[in-house]
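To keep things clear, I will list the structure first and then write my remarks on it.
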Amino acid sequence: RTRNQARQDVFDYIECFYNPTRRHSTLGYLSPMDFEKQAHVA
Numbered sequence: 166r167t168r169n170q171a172r173q174d175v176f177d178y179i180e181c182f183y184n185p186t187r188r189h190s191t192l193g194y195l196s197p198m199d200f201e202k203q204a205h206v207a
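So the sequence shown is numbered by the numbering used here: it starts at 166 and just counts up by one.
Structure, rendered in structure tokens:
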């Protein structure tokens, strides 16, 4: 594997998995995905 492939893998993990599922204090400790679901229901 090359360094560029490793960078892309890390970026994909952070942007596609970690950030959408981690809890954010500014969203009332909801994940962005849960916050959006809640907003659509309301």
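Ideal placement from N, C-alpha and C gives every residue a C-beta, glycine not left out. If you're wondering where the values come from, they're calculated on a predicted model, not measured in any experiment.
- In this structure, the straight-line span from the alpha carbon of threonine 186 to that of leucine 195 is close to 9 Å.
- Remark: C-beta atoms of phenylalanine 182 and leucine 192 do not approach each other more closely than 9 Å.
- Rounded to the nearest angstrom, the Cβ distance from proline 197 to histidine 189 is 7 Å, consistent with a contact under 8 Å.
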